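**Student:**
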């Protein structure tokens, strides 16, 4: 039977892990985000110490998985802290960290878990509520990528490690060795890394959903773990800036183009309404 609030692994079980995880989740849900961050830091330190003294690879790997789960909770706390502090651009970066930890956990831990399932659904829904549509993508040419485990060229026969796999509690990845030149910079809609978004000011109306969440949480109208999904309802309403002009007059928008070739059909504008769908993880 799988653990509800902590990850159950084959070779490692942290004493009291379930209770500690519940305490962290309750701190987040009570909006005591800094307390949750401190709780996580203490637990990560203990896990790191246990991993350093272990000599068994399977145990080290399972401790790594436990660390990923606790780091997931850490970044969930940091996300809601950014939202309540109205740091909406930064909250997008933290949200991407949360999704990365979810991917890592799902890759190395096959058993279903209540917390992971809830956070995954919630943060995928949260991601869809952000206004970002364009992202920058940079192409670079490097000499070679050094393996983080053995130090050899990760694409050579001298390296026995597979990128993205676990070895003694660490994931093998390539470290760029000597950037030769930048190949290109492009604007794309589906980047590999969504952190490279075209920046938007925190005060922008495009962050309307995040502003509402910040207000609701601050006023105790919404708790971080009181909803699982966000329903998006699109509708049209009258454009308050619309001016009905003669067809050949210059458009009201200031484009110096005739009204009939510019904003004549923009008497209505599309709006989106977001509803938080109830779903309780913890009380």
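Numbering (this note's numbering), first residue to last: 33 to 315.
Positions of the beta carbon are idealized from the N, C-alpha and C atoms, including for glycine.
Note that the structure is a prediction, hence the values are computed from the model and not measured.
Tell me whether the beta-carbon of residue 101 lies closer than 8 angstroms to the beta-carbon of residue 137.
**Tutor:** yes
**Student:** Relative to the alpha-carbon of residue 95, which residue among 201, 37 and 260 has its alpha-carbon at the smallest distance?
**Tutor:** 201
**Student:** Smallest Cα separation from residue 280: which of 295, 70, 271 and 134?
**Tutor:** 295
**Student:** So what does DSSP say about residue 49, is it helix, strand or coil?
**Tutor:** helix
**Student:** Please report the distance separating the alpha-carbon of residue 54 from that of residue 103.
**Tutor:** One C-alpha to the other measures close to 14 angstroms.
**Student:** Would you report the Cα separation of residue 267 and residue 60, rounded to the nearest angstrom?
**Tutor:** 34 angstroms
**Student:** Report the option in 271, 125, 56 and 77 whose CA atom is closest to the CA atom of residue 69.
**Tutor:** 56
**Student:** What residue range does the alpha helix (DSSP H) around residue 98 cover?
**Tutor:** 89-116
**Student:** How many whole angstroms separate the CB atoms of residue 46 and residue 79, which I take to be in contact at a CB cut-off of 8 angstroms?
**Tutor:** 7 angstroms
**Student:** Below 8 angstroms, can you find three or more Cβ-Cβ pairs linking the segment 151-166 to the segment 184-199?
**Tutor:** No contact exists between the segment 151-166 and the segment 184-199.
**Student:** Between residue 146 and residue 36, which are expected to be in contact by the criterion C-beta below 8 angstroms, what is the C-beta distance as a whole number of angstroms?
**Tutor:** 5 angstroms
**Student:** Would a C-beta distance cut-off of 8 angstroms place residue 106 and residue 72 closer than the cut-off?
**Tutor:** The answer is yes: Cβ separation under 8 angstroms.
**Student:** Going by CA-CA distance only, name the one from 154, 217 and 292 that's closest to residue 308.
**Tutor:** Among 154, 217 and 292, the Cα nearest to that of residue 308 is on 154.
**Student:** Under three-state DSSP, which class holds residue 33?
**Tutor:** For residue 33, the pLDDT reaches just 41, beneath the cut-off of 50, and the residue's location in the model is therefore unreliable, although a value from the coordinates is still provided. Coil at residue 33, not helix or strand.
**Student:** Under 8 angstroms between the Cβ atoms of residue 228 and residue 168?
**Tutor:** yes
**Student:** Could you tell me the alpha carbon to alpha carbon distance between residue 302 and residue 265, rounded to whole angstroms?
**Tutor:** 10 angstroms
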